[in-house]
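Report on the following structure.
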Amino acid sequence: MFFQPSLESSRRFLLDCFCLAAILTPGLVFAASGAAVFPGVELTIPNATVPPGGMLQLQIAITEPKPISKGGQRASFASPLLASPVGISLFSPGGDASGTAVFASAKAPRFTLHSSISDMGNNIDYPILVMAIPVKTTAIPGNIANLVLDPNLSQWLDPNGVSYPVLLTNGILTVGGTLSISNIVPGGGLVRKGAKIAIQGMGFRPDSTVQVNEATIATQTFVNSNEIDVTLTTDFNMTADRVRVKNSNGEQVTYYSYQRTTPLGKSASSLIAATYPLFSQATWSLAYFKPVLSGSQFSGLALQNATATPSQVRLQLFGSNGTLLATTSLTIGAYRRISRALSEFFGVVPGNGTEVKVKVTSGPRVQMLGLLGNTTLGTVDPVDPSPVP
1 MFFQPSLESS
11 RRFLLDCFCL
21 AAILTPGLVF
31 AASGAAVFPG
41 VELTIPNATV
51 PPGGMLQLQI
61 AITEPKPISK
71 GGQRASFASP
81 LLASPVGISL
91 FSPGGDASGT
101 AVFASAKAPR
111 FTLHSSISDM
121 GNNIDYPILV
131 MAIPVKTTAI
141 PGNIANLVLD
151 PNLSQWLDPN
161 GVSYPVLLTN
171 GILTVGGTLS
181 ISNIVPGGGL
191 VRKGAKIAIQ
201 GMGFRPDSTV
211 QVNEATIATQ
221 TFVNSNEIDV
231 TLTTDFNMTA
241 DRVRVKNSNG
251 EQVTYYSYQR
261 TTPLGKSASS
271 LIAATYPLFS
281 QATWSLAYFK
291 PVLSGSQFSG
301 LALQNATATP
311 SQVRLQLFGS
321 NGTLLATTSL
331 TIGAYRRISR
341 ALSEFFGVVP
351 GNGTEVKVKV
361 TSGPRVQMLG
371 LLGNTTLGTV
381 DPVDPSPVP
C-alpha cells in the first residue's frame with residue numbers, strides 16, 4: 001500500500017531533520033521557546049472558505065521574516081470550482097518588489113519575482129502575493145479545491161543570491177459560508193479623510209462590522225448585501241491594507257487591498273498575452289529601458305495607471321548612436337494597464353543583436369515594468385525601469 005504523508009507530517013519530518021542537524025552543527029538558530037526555527041523560506045497558502053459566487057483571495061504568505069532578493073514559484077488551482085484570476089498583487093514592505101505571472105495554463109501561473117533592496121519577505125503580517133479568483137456560482141457547498149505550491153518550480157534567493165531551503169504548505173478552499181469580499185474601491189493609493197471607500201462582495205448585513213487595518217472608521221453605510229461604504233477619520237494609504245468584515249453570526253473574512261486595473265486590449269504576442277505584470281509601488285514620469293533583442297529573447301513593456309486621472313505617455317526608441325528610430329504616444333485611462341512587445345508599440349522590429357534604448361515619459365506618473373521574454377523557455381522576466389539612460 002502506498003502511503004501519502006500529510007502536509008503537517010511532512011512539515012514535522014523536515015523540522016525534525018533540522019533539529020538533528022542543529023544538534024550536530026553548532027551555531028544554528030533556535031526560537032526563544034527552544035524550538036528549532038526552519039532556516040529557509042517557509043511559504044504557506046492559508047485555507048479559506050468561500051461561498052458559491054464569492055471571491056477567493058488566494059494568499060501566499062511567509063511564516064518567518066526572510067529578506068528575499070529573487071523568487072520563482074509555480075502555483076496551481078486546477079479545479080472546476082474556480083474561474084481564472086481577475087487580479088494579482090505583490091507586496092513588500094518598501095514597495096520595491098516587482099514581477100510577472102506567466103499563465104502556461106489558465107490555472108497554473110509561474111511567478112518570477114524581484115526585490116531590488118531585498119525587502120520582500122520581511123513582513124509576516126502581510127502575504128507576499130495575493131490572487132483574486134472567482135468561485136463559480138455552480139460550486140456546491142462542501143466541495144473542496146486544492147491550492148498548491150509546486151516544489152519542483154520553487155526557488156527563493158537571499159540578498160547574496162544564495163538559494164534558501166524551501167518548505168511549502170498547500171491550502172484548501174472549501175465552498176461554504178455566506179460572506180466574501182470581492183474588491184475594494186479604491187483599493188490603493190492615498191484616500192482623503194471623508195472620501196468613500198466601497199467594500200464590495202456578498203453576504204454583508206446591516207449589523208456587519210468593518211475594520212481597515214489601523215485606521216479609524218468615521219462612518220459605515222450598509223448599501224446592500226453586496227456593498228458596504230466606509231469613510232475614515234484621517235487621510236489613509238489603502239495600498240496593502242488588511243480589511244476585515246465580521247457578521248454577528250461569527251463569520252468573518254479578511255482581504256488585503258490593492259488597486260485592481262483593467263487591461264487595454266490584448267497583446268498579439270502569445271507569451272506577453274499570457275503574462276500578468278506585477279508592478280512595484282514606484283511611479284515614474286521619466287524612465288529608460290535597454291531592450292534585449294537576441295535569438296529567442298525579446299523585450300516588451302507594461303504600463304499601469306492606478307489613479308483616477310488619465311495619463312499621457314510617450315515612448316521613444318533610440319539606436320545605439322542616439323538616433324531616434326521611432327516615437328509613439330498613447331493615453332492610459334484611469335485604472336488601466338497595457339502590456340505589449342516593443343514591436344507592437346513602435347511598429348518596427350530592430351534586427352537581432354541591435355543595441356537600442358527606450359525612453360518613456362508620462363504625465364501624470366505611471367507604474368512601469370520591462371518584460372524580457374524567451375520564446376524557447378516560455379518565460380517572461382521582470383525588468384525594473386532605470387532613471388538614467
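1 is the number of the first residue of the sequence shown in the numbering used here; add one for each residue after it.
Beta carbons: idealized from backbone N, C-alpha and C, even for Gly.
If we count the other Cβ atoms within 10 Å of its Cβ and call it buried at 16 or more, is residue i buried or exposed?
i	result
Gly-322	exposed
Glu-355	exposed
Ala-195	exposed
Gly-142	exposed
Leu-82	buried
Ala-240	buried
Thr-376	exposed
Lys-70	buried
Thr-309	exposed
Gln-200	buried
Gly-177	buried
Pro-186	buried
Val-130	buried
Val-253	buried
Phe-30	Legend: pLDDT at Phe-30 = 46, less than 50; position of this residue unreliable, value from coordinates given subsequently. That one is exposed.
Lys-66	buried
Pro-277	buried
Met-1	Residue placement at Met-1 cannot be trusted, given a pLDDT of 34 that sits under 50; the coordinates are not used to answer.
Gln-367	buried
Val-388	exposed
Pro-134	buried
Ser-269	buried
Using 8 Å as the threshold, is the C-beta distance between residue i and residue j below it?
i	j	result
Thr-100	Asp-381	yes
Ile-338	Pro-263	yes
Gly-370	Phe-289	yes
Leu-58	Phe-38	no
Leu-301	Leu-342	yes
Val-50	Ser-180	yes
Ile-60	Ile-124	no
Leu-43	Ile-62	yes
Ser-79	Asn-146	yes
Leu-325	Val-348	yes
Met-120	Ala-97	yes
Asn-305	Arg-340	no
Ser-208	Asn-249	no
Ser-267	Glu-344	yes
Ile-296	Asn-374	In the sequence under discussion, the amino acid at residue 296 is Ser, which differs from the Ile named in the question. Their beta carbons are under 8 Å apart, which means Ser-296 touches Asn-374 by this criterion.
Thr-234	Lys-193	yes
Gly-72	Ser-154	yes
Met-55	Ala-132	yes
Gly-319	Val-166	no
Looking only at its chain, what residues have a beta carbon closer than 6 Å to the beta carbon of residue i, apart from the 5 residues adjacent to it on each side?
i	result
Arg-314	Ser-329 and Thr-361
Tyr-258	Ser-89, Gly-187 and Gly-188
Arg-74	Arg-110, Asp-150 and Leu-153
Ile-144	Ile-172 and Thr-174
Give me, in chain order, the residues of the same chain whose beta-carbon lies closer than 7 Å to that of residue i; leave out the 5 immediate sequence neighbours on both sides.
i	result
Phe-236	Val-191 and Ala-215
Ile-217	Val-210, Val-230 and Leu-232
Gly-363	Ser-285, Ser-311 and Gln-312
Pro-291	Ser-299, Leu-342, Val-356 and Val-358
Leu-317	Leu-325, Ala-326, Phe-346, Val-356 and Val-358
When you measure from the CB of residue i to every non-hydrogen atom of the ligand PLP, does any distance come out below 7 Å?
i	result
Phe-103	By its list of ligands, the structure shown contains no ligand whatsoever, and the ligand PLP lies outside what it can speak to.
Write down the C-beta distance between residue i and residue j rounded to the nearest angstrom, noting that I regard them as a contact closer than 8 Å.
i	j	result
Gly-392	Ala-282	The structure shown does not extend to residue 392, since the chain spans only 1 to 389, so no value can be given for it.
Leu-173	Leu-149	At roughly 14 Å, the Cβ-Cβ gap does not stay under 8 Å, so Leu-173 and Leu-149 are not in contact.
Pro-52	Val-175	6 Å
Ile-68	Ser-118	6 Å
Gly-95	Ser-280	6 Å
Ala-466	Thr-307	No information on residue 466 is available, as it lies outside the stretch 1 to 389 that the chain covers here.
In the DSSP output, which residue or residues are listed as bridge partners for residue i?
i	result
Pro-134	Met-55
Thr-275	Val-102
Thr-239	According to DSSP, Thr-239 bridges with nothing at all.
Pro-109	Phe-103
Asp-150	Arg-74
Thr-327	Gln-316
Ile-62	Leu-43
Ser-270	Per DSSP, none; premise fails for Ser-270.
Tyr-126	Answer is none; Tyr-126 lacks a bridge partner.
Gln-252	Lys-246
Ala-145	Leu-173
Thr-379	Asn-374
For residue i, which residues in the same chain have their Cβ closer than 8 Å to its Cβ, ignoring the five residues on either side in sequence?
i	result
Arg-365	Thr-283, Trp-284, Ser-285 and Ser-311
Ala-104	Arg-110, Ala-274 and Gly-378
Phe-222	Phe-204, Arg-205, Pro-206, Ser-208 and Ile-228
Tyr-256	Gln-57, Gln-59, Ser-89, Phe-91, Tyr-126, Pro-127, Val-130, Ala-240, Asp-241, Arg-242 and Val-243
Ile-197	Ile-184, Val-185, Pro-186, Val-191, Val-212, Asp-229, Val-230, Thr-231, Leu-232 and Met-238
Glu-251	Gly-177, Thr-178, Leu-179 and Gly-203
Asp-158	Lys-66, Pro-67, Ile-68, Ser-69, Ser-118 and Tyr-164
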